[in-house]
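**Student:** In order, the protein sequence lines correspond to chains Z, S and H.
The first sequence begins at 2 in the numbering used here and counts up by one.
The second sequence begins at 12 in the numbering used here and counts up by one.
The third sequence begins at 536 in the numbering used here and counts up by one.
Glycine residues also receive a C-beta, built at the ideal position from the N, C-alpha and C atoms.
In this text, all values refer to a predicted model and were calculated from it rather than measured experimentally.
Below is a structure I'd like to ask you about.
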Amino acid sequence: MVIERIDETLPGAVLDRHAFRGDQTIVVGRDRLLEVIDLIYKEGFQLLLDVTAVDGGQRDPRFDVVYHLLNLTSQERLRIKVRVGERESVPSLVSRFKSADWAERETMDMFGIPFEGHPDPRRLLMWEDFPGHPLRKDFPLDGGDVFCSQDIGASFSPDARSPHV
Amino acid sequence: MIKDWRPDAPDPPMTDPTHPFLPVLLLLLLAAFVGAAILVVSGKILPGLLKPENPQPHKLTPYECGAPPLQEGARHRYSIKFYLVAMLFILFDVEAAFLLPWAVQYKAHLWTFWACLSFVATLLVGYVYAWGKGALNWER
Amino acid sequence: MAGINLDDSVMTTRLDAVVNWARKNSLWPLPFGTACCAIEFMSMMASRYDFSRFGAEALRFSPRQSDMLMVLGTITNKQAPILRQIYAQMAEPKWVLSVGVCASSGGMYRTYSTLQGIDRVVPVDVYVPGCPPRPEAMIYGAMQLQAKITKETIKGRREHIEKFYESMARQEELQKARGLSSHQVVREMVLAAGENGEQRIW
């Protein structure tokens, strides 16, 4: 197993591990993420499928940054989680995986987690001066729009029904 | 004009023998007037009455699917390499088009072998020249 | 020359009626397709349903050559100022057909990212419900638009569009004064309108 070899080569890098129905998950400290990534890249985990994050709400540290990797030769999958608090940064993986570029930009946009060393740290989905990060738990789902939160009936403008012009 | 043969038919109207084409001239003038009138009325007067005119600054902004343009101007400059390759392609393509009918029929006229050889040799000189000039070198 | 009745050979009408008759039978649609309604729209334009029967034969993919904006699909808040810009660039007089529930009211997307109905940002004439509406529904919507054009006046339509340009000028002013992007300005205008109990910013 790749996790045992990580433990042998980099003792203390894997903080926690669990498996659910064959899905391997390891938790790695953010200072040792690049070492672990470099090691498992040599093992064959050469495809970074996704970078995303989970907001734990009141939990401390607040966020899990989640990396999904696939070994193209053995078809093994591995999930790496990095626990970060608010305003803590994660090293960017763009130097290792090209696919990390937009995925990290999206995570930064949606959760406000800075990625250290990202070559183009702009927002991906929301506009530049959008206030807040929408996928955080404390962001209102409706974004402050009264038409979302209140039941105001149809939002059609009344003059659309009559031949007003 | 067909003559009216009825006995009580009136005499046909006399055209003025000094100006036999005067009606044609009148017809031409009328046609020119009507044509001009149609052009003026439908091209100038009616649109001026009917067309909505509402100049707005937004209507003059460039259309880039609503986003501000990233690049100044819509025209790009192409590398001369594309034209060069296209020209050389046409040249040797036409050569092949000339050679094909000759290759089908040359056994009937064996002397044409030398004619075609001189043609290909001329082209070969051009080919060597183009090669020597570096026209076939893409990474230049 | 006796016996000619003028009623049999002369017809009187209003200028509005003649012009509207011409307008309603020569609509030039601009498809603004962002979701599955655009797929239904392709079916509507194709030979089976054949929208060209209603005089809207020519689709134009530039707003300068079209006068009927068909909004086909979800409009996000990021897309809202783009939709406004394209509507502003269209040739006058212009009409808007809002196709599908997403464009009409935000539909199932009651979230921060989706505009809750395009009538907040552009003047809509006809709403076509459905998710997505069938081509017949869209054609019926277009026929309703034709019926609406028949009833309107030239002056009324001009003033109707003029209100939109005023809101466009307001948006520009806010953008310059506060140095914000057009997305954020339109979003704030929509939110402020909602706070004041209004439904639209134009």
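Going by other Cβ atoms of all chains shown within 10 Å of its Cβ, with 16 needed for buried, is W16(S) buried or exposed?
**Tutor:** Translated into positions along the second sequence, residue 16(S) becomes position 5. The residue is exposed, with fewer than 16 neighbouring Cβ atoms inside 10 Å.
**Student:** In three-state terms, what does DSSP make of A54(Z)?
**Tutor:** As a first step, residue 54(Z) is located in the first sequence; it is residue number 53 there, counting from the start. Here A54(Z) sits in strand by DSSP.
**Student:** If you draw a straight line from the C-alpha of L60(S) to the C-alpha of D543(H), how long is it?
**Tutor:** Numbered from 1 along the second sequence, position 49 holds the residue referred to as residue 60(S). Numbered from 1 along the third sequence, position 8 holds the residue referred to as residue 543(H). Rounded to the nearest angstrom, the two C-alpha atoms are 28 angstroms apart.
**Student:** Using only CA atoms, which one of G590(H), L541(H) and A552(H) lies nearest to W563(H)?
**Tutor:** The sequence position of residue 563(H) within the third sequence is 28, counting from 1. Taking only the C-alpha atoms, the option nearest W563(H) is G590(H).
**Student:** Closest to A7(S) by C-alpha separation, out of L550(H), I574(H), A615(H) and Y647(H), would be which residue?
**Tutor:** It is not possible to answer for residue 7(S), since the shown part of chain S is limited to 12 through 151.
**Student:** Does the beta carbon of Y647(H) sit closer than 8 angstroms to a beta carbon anywhere in chain Z?
**Tutor:** In the third sequence, residue 647(H) corresponds to position 112, counting from 1. Yes, Y647(H) counts as interfacial toward chain Z.
**Student:** Would you mind stating whether V1(Z) and R31(Z) have Cβ atoms separated by less than 8 angstroms?
**Tutor:** No answer is possible for residue 1(Z): the residues shown for chain Z start at 2 and end at 166.
**Student:** When the cut-off is 8 angstroms and only beta carbons count, does H69(S) lie next to chain A?
**Tutor:** Here the protein chains are Z, S and H, and chain A is not one of them.
**Student:** Quick check: what's the CA-CA separation for G118(Z) versus D110(Z)?
**Tutor:** As a first step, residue 118(Z) is located in the first sequence; it is residue number 117 there, counting from the start. As a first step, residue 110(Z) is located in the first sequence; it is residue number 109 there, counting from the start. Each residue's alpha carbon lies about 16 angstroms from the other.
**Student:** Residues bridged to V52(S) by DSSP?
**Tutor:** Counted from its first residue, the second sequence places residue 52(S) at position 41. None; V52(S) has no bridge partner.
**Student:** For W630(H), report the span of its beta strand (DSSP E) as first-last.
**Tutor:** Position 95 of the third sequence, counting from 1, holds the residue named residue 630(H). From DSSP, the beta strand (DSSP E) with W630(H) extends over W630 to V634.
**Student:** Considering only their Cβ atoms, is the gap separating V66(Z) from T108(Z) smaller than 8 angstroms?
**Tutor:** Indexing the first sequence from 1 puts residue 108(Z) at position 107. Indexing the first sequence from 1 puts residue 66(Z) at position 65. Going by C-beta atoms, T108(Z) is nearer than 8 angstroms to V66(Z).
**Student:** From the DSSP output, in three-state form, read off E107(Z) for me.
**Tutor:** Mapped onto the first sequence, residue 107(Z) falls at position 106. Looking at E107(Z) - three-state DSSP - the assignment turns out to be helix.
**Student:** Hey, is Q620(H)'s beta-carbon within less than 8 angstroms of any beta-carbon in chain S?
**Tutor:** Locating residue 620(H) in the third sequence gives position 85, counting from the first residue. True, the Cβ-Cβ gap to chain S drops below 8 angstroms.
**Student:** Taking 8 angstroms as the threshold, find out whether the segment 673-681 of chain H comes into contact with the segment 632-641 of chain H through three or more Cβ pairs.
**Tutor:** Result yes; three or more Cβ-Cβ pairs closer than 8 angstroms.
**Student:** Tell me the rounded alpha-carbon separation between D654(H) and Q734(H).
**Tutor:** Position 119 of the third sequence, counting from 1, holds the residue named residue 654(H). Position 199 of the third sequence, counting from 1, holds the residue named residue 734(H). Going from the Cα of D654(H) to the Cα of Q734(H) covers about 8 angstroms.
**Student:** Kindly list, in the order they appear in chain S, the residues whose Cβ is closer than 8 angstroms to that of Y675(H).
**Tutor:** By one-based count along the third sequence, residue 675(H) stands at place 140. Ordered by position in chain S, no residue passes the 8 angstroms Cβ test against Y675(H), which lies about 27 angstroms from the chain.
**Student:** Anything in chain Z within Cβ reach of S716(H), meaning under 9 angstroms, just list it in chain order.
**Tutor:** Taking the first residue of the third sequence as position 1, residue 716(H) is located at position 181. Simply W128, E129, D130 and F131.
**Student:** Which chain H residues are close to L142(Z), counting only those with a beta carbon under 7 angstroms from its beta carbon?
**Tutor:** Against the first sequence, residue 142(Z) aligns to sequence position 141. Those within 7 angstroms of L142(Z) in chain H are T646 and Y647.
**Student:** What does I617(H) reach in chain S if we use C-beta pairs closer than 9 angstroms?
**Tutor:** For this step, residue 617(H) is matched to residue 82 along the third sequence. Here the neighbours are C76, G77 and A78.
**Student:** Considering I674(H), what are the terminal residues of the alpha helix (DSSP H) in which it resides?
**Tutor:** For the purposes of this step, residue 674(H) is taken as residue 139 along the third sequence, with counting starting at 1. Taken as a continuous stretch (DSSP letters only), the alpha helix (DSSP H) holding I674(H) covers P670 to K686.
**Student:** Strictly under 8 angstroms for the Cβ-Cβ distance: is P63(S) near chain H by that measure?
**Tutor:** Working through the second sequence from its first residue, we reach residue 63(S) at position 52. Answer yes: the Cβ-Cβ gap between P63(S) and chain H drops below 8 angstroms somewhere.
**Student:** Taking the alpha-carbon positions, what's the S163(Z) to R124(Z) distance?
**Tutor:** Indexing the first sequence from 1 puts residue 163(Z) at position 162. Indexing the first sequence from 1 puts residue 124(Z) at position 123. Reliability fails at S163(Z), whose pLDDT of 44 lies under 50, so the model's placement of it is uncertain and the value that follows must be treated cautiously. So the two alpha carbons sit approximately 43 angstroms from each other.
**Student:** Going by other Cβ atoms of all chains shown within 10 Å of its Cβ, with 16 needed for buried, is V136(S) buried or exposed?
**Tutor:** In the second sequence, the residue the question calls residue 136(S) occupies position 125. The residue is exposed, with fewer than 16 neighbouring Cβ atoms inside 10 Å.
**Student:** Is M605(H) closer than 8 angstroms to F586(H) when the C-beta atoms are compared?
**Tutor:** Locating residue 586(H) in the third sequence gives position 51, where the first residue counts as 1. Locating residue 605(H) in the third sequence gives position 70, where the first residue counts as 1. Cβ distance not < 8 angstroms, so F586(H) and M605(H) don't count as in contact.
**Student:** Run the CB neighbour count on Q706(H), radius 10 Å, all protein chains shown included, and call it buried at 16 or more, exposed below.
**Tutor:** On the third sequence, position 171 is the one that residue 706(H) refers to. With 16 or more Cβ atoms within 10 Å of its Cβ, Q706(H) is classed as buried.
**Student:** Got a sec: is the Cβ-Cβ distance from A712(H) to anything in chain S below 8 angstroms?
**Tutor:** What you label residue 712(H) is simply residue 177 of the third sequence in a count that begins at 1. Answer no: the Cβ-Cβ gap between A712(H) and chain S never drops below 8 angstroms.
**Student:** Check the Cβ-Cβ distances between K686(H) and every residue of chain S, and say whether any is below 8 angstroms.
**Tutor:** In the third sequence, residue 686(H) corresponds to position 151, counting from 1. With 8 angstroms as the cut-off, K686(H) does not count as an interface residue toward chain S.
**Student:** Throw me the rounded Cβ distance for the R599(H) and A626(H) pair, which I believe falls under 8 angstroms.
**Tutor:** As a working mapping, residue 599(H) is identified with position 64 in the third sequence. As a working mapping, residue 626(H) is identified with position 91 in the third sequence. Right, their Cβ atoms sit about 6 angstroms apart.
**Student:** At what residues does the beta strand (DSSP E) containing E605(H) begin and finish?
**Tutor:** Walking along the third sequence from the start, residue 605(H) turns up at place 70. The question names Glu, but residue 605(H) in the sequence shown is Met. Here the beta strand (DSSP E) through M605(H) covers M603 to L607.
**Student:** Considering only C-alpha positions, which residue in the set V657(H), A623(H), Y644(H) and S640(H) is nearest to P664(H)?
**Tutor:** Taking the third sequence and counting its residues from 1, one reaches residue 664(H) at position 129. Residue S640(H) is the option with its Cα nearest to P664(H).
**Student:** Assuming contact is defined by CB atoms lying nearer than 8 angstroms, are K613(H) and M127(Z) in contact in what I supplied?
**Tutor:** Indexing the third sequence from 1 puts residue 613(H) at position 78. Indexing the first sequence from 1 puts residue 127(Z) at position 126. Closer than 8 angstroms, so yes.
**Student:** Return no unless some Cβ of chain S is closer than 8 angstroms to the Cβ of Q719(H).
**Tutor:** For the purposes of this step, residue 719(H) is taken as the residue at position 184 of the third sequence. No - not a single Cβ of chain S is within 8 angstroms of the one on Q719(H).
**Student:** Give, in chain order, every residue of the segment 111-128 of chain Z whose Cβ lies closer than 8 angstroms to some Cβ of chain H.
**Tutor:** Of all residues in the segment 111-128 of chain Z, L126, M127 and W128 have a Cβ within less than 8 angstroms of some Cβ in chain H.
**Student:** For G154(Z), does the count of other Cβ atoms within 10 angstroms reach 16, so buried, or fall short, so exposed?
**Tutor:** Translated into positions along the first sequence, residue 154(Z) becomes position 153. With a pLDDT of only 47 at G154(Z), under the threshold of 50, the placement of this residue in the model should not be trusted; the figure read from the coordinates follows. Its Cβ having fewer than 16 others within 10 Å, G154(Z) is exposed.
**Student:** In chain H, what lies closer than 9 angstroms to T72(S) by C-beta?
**Tutor:** Reading the second sequence from its first residue, position 61 is the one you call residue 72(S). Per Cβ cutoff of 9 angstroms: Q620, A623 and Q624.
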